[in-house]
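Shown next, in structure tokens, is the structure this report addresses.
Listed below in structure tokens is the structure:
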């Protein structure tokens, strides 16, 4: 495997250690914040908590209705991930394997649509979504996420398909397999890591997204957990200790997921590199 | 890379045996081609539909609105190119654009550089690689509002890192107000955003580097090359596709940057961290000038279109296969 | 690379549909029988009290039903804007003051309420200045549901320890500030981190206390100008505080201090005074370890021409009825239920500390549970003749937006007081000529 044959030098360890410090330092501050009182954050911003307020987690959990919100977010993130994966894989397959006309125009279109500020479209979208009966429905929000996160995912999967040899598919076609059969049985298993990566990235983004969620979900029973972080305000004053506690509770499932799915997630980007 | 995929590929590669040359195409060539075409459009249809509905459709509506004076409530009034003329004259848009350009340069160099170097060093580690990788990536999964809060504390002039270092006898950052000083604010916001972002780049680079054929490294090592030369002569050229792809995305995302600027400084102090999207946001939602904001959005798309077209031309000229 | 015409065709179609849909407005905010209301609250206990007193009470009292969706205070304004623009507003439309309410009314997104005003007798219920503000083109367009003012906050324990009394004049104010500065405290809290609008709290307080209500009235009615020397010296006063490091501890910290830090600073004794709105009553009680220690005083006079104790008046919430409401009678009925009844409104204030609607109230009408500091405030204001104008309530929207955004440059020193005010006058002139300014009440001291 790779370059591991050579032993790492002390300077490497120093650089990696400094980078780890850069990543870890603020995470520690964050963890401490969740255990302080709001007043202590102001008087003792970086130090260890003087009294460890474990109760913050219970208060945050209750006050922001996090149980239900986490469940909503889970549904939204999974549906977004699955939908984006499907949409992106099919589109990428059409662009690389099915003689879809257009060539570079597709890349141009996908990249330019990733550069549009979606906040400007809120008014027409709300109006349109209510006409279609999608306003204030989780599925309405999910469809918007599909649209917003699929361009990057499509380019990612497309890059993998370009790098992948076509021999297997052609052999299967010669064996009389239909196009759908080739797609489902030959291509999908081979690019599984790329598809999973696209799914995870979009699921993660949907999980953390705020602006679209707050605009398109009015019913509190459907609200995702990203909105919970805004429940600790007394007017203009914010209780940052509770925000941190809720933020930690919100991040925990994602970190656990990433730890367990590390291999898959990382493998998705590999292989012949990524092409546009 | 990954044993798992490699084996899947290998077993498949072994399986097929060519029996007859191209029976499907020889049978009914025209019909098959048309069928493929139809299937292609069917496969791209979901992407097309959601994108037209949510992004391209309203995006083109914004083209229309960019020629109007519209407060979001009453009927839009056609004003021709007035919004564009005002935008060209506007000092706010000009300085926001400059900040976006600086931001882009910063993100092309600093987070990309950190990701590259970090990934290169990690790829040479035998142990603890997974630990570092997870640690570097965790900031990416945190919600913006949470990490912004933490960084506001760290950068606070009274109780933050400057004061902490001063008590340790290193007073060089004492009383530096990173977010409150107009000449430091933009860099500080970029630094905070880097913290959250570079781990994502590292993970992608690392994966890309691990797919480089180890034999190539062996070859230069026989020539007596050190790690620096290995990096320049093998790693960088081999991961070029990834590098180009992420570079392109970095440019496009840098012109769209909003979250961290909005949460940390809202474009202040005195506009010193204003970027195009904060200007757009302010014009649309505080000043109720949706027409003018649409014109700013057109500028954003024009920049990204120019970037992509430039890339496509470069690709053709350099004859990249990717 | 080539872009085929065929590839562009569906894009053109989608654009056409999208323009058409954005332009037209589909009807009906409410699906069922109940009218909808979006509320936002300072705390869960406040929400509970609102639900019990107003929503459950209204639903039990009559046939009409109301259904409340809870939003966050920081987002409800923009959410409502988006929903109103898209024709999807709830039946009862929330605005954070009469100026956005009047925008909705002018665009015919909300309906005139004159009939209901007559039916429920609103003209006699509300304080005259607030009632006058709700008129657009001579028609009642919204109902004020809460009002407040700007005051000077301090920590009574700290003031006692230092031997200070709340200042009433500029000289007293500067004396306290000077001593606080010498004691290593931040003399005057302030800042705009997290919410740029905090700048207009300061400007409102200083304009009213240094320029005075009469002069502000004259500018708002087009008879004076922001460039007049009274305004210039008011802004220069702020610049002076910044230069001395009194305000928020200096120019740079101004941009990194948020409301939380100021309130916490008062509680911890590191900040001496803080000019802020009466909406802070709740958060102060929350943050202070001993809630009895926070105290408010009327604004001091900051120039010779203004009497001490001016109360700039502000409408925090205005309610109107959506033009797309299927049941406007029920919506108006709910608005009256929330804002028009003294006993019910004070019961809510008693339980939550929320600012009450601008109703004519005297001290003995307050239930016993109401915090004395709240009773003080809301019995002093209706009796005072020294009342002024909060910028977010009385200034037209673009002027207000300019006032907030450009104030940054005053703080950094990039703009002089004259430049800042000349720009403000330019923006105001435009809005004044367009006829979108509100009618300010006549200063009561002028009769």
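Chains as they are written, first to last, in our numbering: chain B, 546 to 821; chain P, 238 to 559; chain E, 3 to 449. Virtual Cβ for every residue (Gly too), placed ideally from N, Cα, C.
Using 7 Å as the limit for Cβ to Cβ distance, is residue 260 (chain P) near chain E?
For the purposes of this step, residue 260 (chain P) is taken as residue 23 along the second chain, with counting starting at 1. Any reading at residue 260 (chain P) must be qualified, since the residue scores a pLDDT of 43, below 50, and its modelled position is unreliable; no value is offered.
Inspect the CB distances between the region 569-582 of chain B and the region 372-386 of chain P and report whether three or more fall short of 8 Å.
The region 569-582 of chain B vs the region 372-386 of chain P: in contact.
CA nearest to the CA of residue 139 (chain E), picked from E:131, E:161, E:116, E:129:
Within the third chain, numbered from 1, the residue matching residue 139 (chain E) stands at position 137. Looking at the Cα atoms, E:116 is the closest of the given residues.
For residue 699 (chain B), which residues in chain P fall below 7 Å Cβ to Cβ?
Within the first chain, numbered from 1, the residue matching residue 699 (chain B) stands at position 154. Going along chain P in sequence order, the residues near residue 699 (chain B) (Cβ under 7 Å) are 284.
Taking just the CA atoms, how far does residue 284 (chain E) sit from residue 271 (chain E)?
For the purposes of this step, residue 271 (chain E) is taken as residue 269 along the third chain, with counting starting at 1. For the purposes of this step, residue 284 (chain E) is taken as residue 282 along the third chain, with counting starting at 1. Looking at the two C-alpha atoms, the distance is approximately 19 Å.
Local Cβ density within 10 Å of residue 530 (chain B), reported as buried at 16 or more and exposed below that
Nothing can be reported for residue 530 (chain B), as the shown portion of chain B is limited to 546 through 821.
Since residue 169 (chain E) is in the alpha helix (DSSP H), which residue starts that stretch and which ends it?
If you number the third chain from 1, residue 169 (chain E) lands on position 167. First-last for residue 169 (chain E): undefined, no H or E at that position.
I'd like to know if residue 386 (chain P) contacts chain B, where contact means its C-beta is closer than 7 Å to some C-beta of that chain.
Locating residue 386 (chain P) in the second chain gives position 149, where the first residue counts as 1. Yes, contact with chain B.
Of all Cβ atoms in chain P, is any one closer than 7 Å to the Cβ of residue 648 (chain B)?
Looking up residue 648 (chain B) in the first chain gives position 103. Residue 648 (chain B) does not count as touching chain P.
Please state if the CB of residue 320 (chain E) and the CB of residue 144 (chain E) are separated by a distance shorter than 7 Å.
Translated into positions along the third chain, residue 144 (chain E) becomes position 142. Translated into positions along the third chain, residue 320 (chain E) becomes position 318. Yes, the Cβ-Cβ distance between residue 144 (chain E) and residue 320 (chain E) is below 7 Å.
Taking contact to mean at least 3 C-beta pairs separated by less than 8 Å, is the region 483-493 of chain P in contact with the region 538-550 of chain P?
yes
Give the interface partners of residue 686 (chain B) over in chain P, defined as CB-CB distance under 8 Å, in chain order.
Numbered from 1 along the first chain, position 141 holds the residue referred to as residue 686 (chain B). Residues of chain P passing the Cβ test: none, with the nearest at roughly 11 Å.
Assign residue 408 (chain P) to one of two classes, buried (16 or more other C-beta atoms within 10 Å of its C-beta) or exposed (fewer than that).
Here residue 408 (chain P) refers to the residue found at position 171 of the second chain. Exposed, by the Cβ-count rule.
Exposure of residue 464 (chain P), with buried meaning 16 or more beta-carbon neighbours within 10 Å:
Position 227 of the second chain, counted from the first residue, corresponds to residue 464 (chain P). Burial call: buried.
What does residue 583 (chain B) reach in chain E if we use C-beta pairs closer than 9 Å?
Counting from 1 along the first chain, the entry for residue 583 (chain B) is found at position 38. Correct list: 262, 266, 288, 289.
I need the straight-line Cα distance from residue 568 (chain B) to residue 107 (chain E), nearest angstrom please.
As a position in the first chain, residue 568 (chain B) is number 23, starting the count at 1. As a position in the third chain, residue 107 (chain E) is number 105, starting the count at 1. Between residue 568 (chain B) and residue 107 (chain E), the C-alpha separation is close to 51 Å.
Using a C-beta cutoff of 7 Å, does residue 690 (chain B) count as contacting chain E?
To locate residue 690 (chain B), count along the first chain from 1; it is residue 145. No, its Cβ sits nowhere closer than 7 Å to a Cβ of chain E.
Is the region 611-630 of chain B close to the region 756-774 of chain B, with three or more CB pairs under 8 Å?
yes
Whole-number beta carbon distance between residue 707 (chain B) and residue 621 (chain B), since they are thought to touch under 8 Å
Within the first chain, residue 621 (chain B) is the residue found at index 76, counting from 1. Within the first chain, residue 707 (chain B) is the residue found at index 162, counting from 1. Going by Cβ atoms, the distance from residue 621 (chain B) to residue 707 (chain B) rounds to 31 Å, so no, they are not a contact pair.
Residue 773 (chain B): which of B:782, B:790, B:743, B:696 sits nearest, CA to CA?
Your numbering for residue 773 (chain B) matches position 228 in the first chain. Taking the Cα of residue 773 (chain B) as reference, the smallest distance to any Cα among B:782, B:790, B:743, B:696 is reached at B:790.
Three-state secondary structure (DSSP) at residue 148 (chain E)?
As a working mapping, residue 148 (chain E) is identified with position 146 in the third chain. Here residue 148 (chain E) sits in strand by DSSP.
Check whether the Cβ of residue 253 (chain P) lies closer than 7 Å to any Cβ atom in chain B.
For the purposes of this step, residue 253 (chain P) is identified with residue 16 of the second chain, where counting begins at 1. Note on residue 253 (chain P): pLDDT 37, under 50, position unreliable in the model; the coordinate value appears next. Yes, because at least one Cβ of chain B sits closer than 7 Å to the Cβ of residue 253 (chain P).
Could you tell me whether the Cβ atoms of residue 152 (chain E) and residue 236 (chain E) are closer together than 7 Å?
In the third chain, the residue the question calls residue 152 (chain E) occupies position 150. In the third chain, the residue the question calls residue 236 (chain E) occupies position 234. Between residue 152 (chain E) and residue 236 (chain E), the C-beta spacing is not below 7 Å.
Which residues of chain P have a Cβ atom closer than 7 Å to the Cβ of residue 590 (chain B), listed in chain order?
Working through the first chain from its first residue, we reach residue 590 (chain B) at position 45. The answer, in chain order, is 390, 393, 396, 397.
DSSP has residue 314 (chain E) in a bridge; who is on the other side?
As a position in the third chain, residue 314 (chain E) is number 312, starting the count at 1. Paired residue(s): E:390.
What runs of the alpha helix (DSSP H), each 4 residues or longer, lie entirely inside the region 618-642 of chain B?
none
Which listed residue (E:59, E:81, E:384) has its alpha carbon closest to that of residue 315 (chain E):
Translated into positions along the third chain, residue 315 (chain E) becomes position 313. Each of E:59, E:81, E:384 was checked against the Cα of residue 315 (chain E), and the nearest Cα belongs to E:384.
Any beta carbon from chain B within less than 7 Å of residue 90 (chain E)'s own beta carbon?
In the third chain, the residue the question calls residue 90 (chain E) occupies position 88. Taking Cβ atoms only, chain B reaches closer than 7 Å to residue 90 (chain E), which makes this a yes.
Using a Cβ-Cβ cut-off of 7 Å (strictly less than) and excluding sequence neighbours within five positions of residue 697 (chain B), which residues of its own chain qualify?
Taking the first residue of the first chain as position 1, residue 697 (chain B) is located at position 152. 659.
Could you name the residues of the region 492-511 of chain P whose beta carbon sits closer than 9 Å to any beta carbon of chain E, in the order they occur along the chain?
500, 501, 502, 503, 504, 505, 506, 507, 508, 509
Inter-residue CB distance, residue 632 (chain B) and residue 691 (chain B) (contact presumed, cutoff 8 Å)
Here residue 632 (chain B) refers to the residue found at position 87 of the first chain. Here residue 691 (chain B) refers to the residue found at position 146 of the first chain. Rounded, the Cβ-Cβ distance is 6 Å, consistent with contact.
My guess is that residue 410 (chain P) and residue 417 (chain P) are in contact by the Cβ rule of under 8 Å, so how many angstroms apart are they, rounded?
As a first step, residue 410 (chain P) must be located in the second chain, where it is residue number 173. As a first step, residue 417 (chain P) must be located in the second chain, where it is residue number 180. With a Cβ gap of about 14 Å, residue 410 (chain P) and residue 417 (chain P) do not count as contacting.
For residue 769 (chain B), which of helix, strand or coil comes out of DSSP?
Sequence index remark: in the first chain, residue 769 (chain B) carries index 224 (1-based). For residue 769 (chain B), the secondary structure class from DSSP, reduced to helix, strand or coil, is coil.
N- and C-terminal bounds of the beta strand (DSSP E) containing residue 189 (chain E)
By 1-based counting over the third chain, the position of residue 189 (chain E) is 187. It spans 188-191 - the beta strand (DSSP E) in which residue 189 (chain E) sits, taken as one unbroken run.
Are three or more beta carbon pairs between the region 322-338 of chain E and the region 168-176 of chain E nearer than 8 Å?
They do not touch, by the three-pair rule.
If I measure Cβ to Cβ from residue 728 (chain B) and keep anything under 7 Å in the same chain, skipping five residues before and after, which residues do I get?
Position 183 of the first chain, counted from the first residue, corresponds to residue 728 (chain B). Hits under 7 Å: 638.
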